[in-house]
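Chemist: Would you mind keeping the following structure in view while I ask a few things?
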Amino acid sequence: MTVQIAPQSLAVNISKPMDPYWAEITEIQPEAPDVATYWMRFENQAVRKGFTFQPGQFNMLYVPGVGEAAISISSDPKETEHIGHTVRAVGNVTNHFTHLKVGDRVGVRGPFGTYWPLEEFKGSDIIISTGGIGFPPLRPVIYHVMRHRSDYGRVVLLYGARTPRDLQYTGEYDHWRKNGIETMITVDRSDESWTGTVGVVPILFYRLRMDPHKSVIFTCGPEIMIRFVVFEAMARRVPPSRIFVSLERNMKCGLGFCGHCQLGPFFVCKDGPIFSFEALQPYYNVEEL
Ligand SMILES: Cc1cc2nc3c(=O)[nH]c(=O)nc-3n(C[C@H](O)[C@H](O)[C@H](O)COP(=O)(O)OP(=O)(O)OC[C@H]3O[C@@H](n4cnc5c(N)ncnc54)[C@H](O)[C@@H]3O)c2cc1C
15 MTVQIAPQSL AVNISKPMDP YWAEITEIQP EAPDVATYWM RFENQAVRKG FTFQPGQFNM
75 LYVPGVGEAA ISISSDPKET EHIGHTVRAV GNVTNHFTHL KVGDRVGVRG PFGTYWPLEE
135 FKGSDIIIST GGIGFPPLRP VIYHVMRHRS DYGRVVLLYG ARTPRDLQYT GEYDHWRKNG
195 IETMITVDRS DESWTGTVGV VPILFYRLRM DPHKSVIFTC GPEIMIRFVV FEAMARRVPP
255 SRIFVSLERN MKCGLGFCGH CQLGPFFVCK DGPIFSFEAL QPYYNVEEL
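Residue numbers (this note's numbering): 15 to 303.
The following block contains the structure:
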């Protein structure tokens, strides 16, 4: 199965695709050390009203005078008056996010990229498997399935972070559980506050009884985690055509022009970031690709 590319919504200026639209930061929600969700609202009313996105898509966010970074949209696809991006401060642009305040402006181009195939897999069990900063592009999936709960079978979240302090969106787990999302959490290293599972994300598969032919796997996170999630899923006979991976590659233009994010025959910005493992498999274990 190929993943779909969304019809373009209004935040990409079609005649000048490298020009961002401006958005004002309306709230900053700390999530974990070095991680916060930045809520923003487009200044241009037509853009605000016309902006739509699909779960798994990303925007190029521009910090004036610094540069752009690809950041997934982590909020509810049905609530686009304010859109959320969860950012981990790791480098040039993302470190500057930590200096931004409510009322500051950022440039937004997007939404870009393929999205999780939720329509195609209606009726299936959805297994979301994620770790670290791989969670933001999957949180919109949770909002979507909660809104359309009867369209899906079981919905299971397998999520892990390095320590309990690094867990994101902690205030929402109870709500998700009450709304039919089986939420299983693990941490690599516990502390005195933690009474849950300790270990890496793939071990959660050992606690999960699943029907491999009814399940579809959505995964995003550190590359090593993705490899083991794919391994565990395939060991349970989930076909590669039912495993979907979101990849992060260094990205510049977001439009398939510059080639920074090339992976074999694919541009991650344009052909991805979400790929079926069936399409990715020939290129995935090739060194230096
Ligand atoms: C589709 C997609 C979605 C994404 N979604 C998110 C998201 O939701 N949230 C999020 O936080 N991130 C996300 N990312 C990742 C984010 O785009 C990258 O981390 C991006 O590089 C950050 O830009 P930056 O300028 O802050 O970092 P950069 O300055 O580009 O640095 C990025 C990394 O490279 C390292 N680095 C920088 N310079 C050097 C050097 N000279 N030598 C060696 N290493 C170096 C940094 O330490 C850091 O680990 C996403 C990426 C993609 C492709």
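Glycine is no exception: its CB is placed at the ideal position from the N, C-alpha and C atoms.
Could you tell me the alpha carbon to alpha carbon distance between K357 and A83, rounded to whole angstroms?
Modeler: Look at the range of the chain in this structure, 15 to 303, and you will see that residue 357 is not part of it.
Chemist: Helix, strand or coil for R168, going by three-state DSSP, please let me know.
Modeler: Three-state DSSP puts R168 in coil, outside helix and strand.
Chemist: Please report the straight-line C-alpha distance between F72 and I288, rounded to a whole angstrom.
Modeler: Answer to the nearest angstrom: the Cα atoms are 11 Å apart.
Chemist: Check this for me: beta carbons of I147 and V170, under 8 Å apart or not?
Modeler: No. Outside cutoff.
Chemist: Can you give the Cα-Cα distance for T197 and N264, rounded to whole angstroms?
Modeler: Roughly 31 Å between the two C-alpha positions.
Chemist: Should R203 be labelled buried (16 or more other beta-carbon atoms within 10 Å of its own) or exposed?
Modeler: Classification of R203: exposed, given that the 10 Å Cβ count is below 16.
Chemist: Return the Cβ separation of F280 and E246 in integer angstroms, given the expectation that the two are a contact with Cβ distance under 8 Å.
Modeler: About 24 Å; that fails the 8 Å criterion.
Chemist: Sorry if obvious, but does the Cβ on S88 come closer than 7 Å to a heavy atom of ligand 1?
Modeler: For ligand 1, at least one heavy atom lies less than 7 Å from the Cβ of S88.
Chemist: Residues bridged to Q71 by DSSP?
Modeler: The partner list for Q71 (beta bridge, DSSP) is empty, contrary to what the question assumes.
Chemist: If you run the structure through DSSP and keep just helix, strand and coil, what is H110?
Modeler: Here H110 sits in helix by DSSP.
Chemist: List the whole-angstrom C-beta distance separating D33 from R102, where the pair is believed to meet the contact cut-off of C-beta under 8 Å.
Modeler: Wrong, their Cβ atoms sit about 26 Å apart, outside the cutoff.
Chemist: Please classify I87: does DSSP put it in a helix, a strand, or coil?
Modeler: Of the three classes helix, strand and coil, the one that applies to I87 here is coil, per DSSP.
Chemist: Closest to P154 by C-alpha separation, out of E134, G137, G167, W130, would be which residue?
Modeler: Of E134, G137, G167, W130, the residue nearest in Cα terms is W130.
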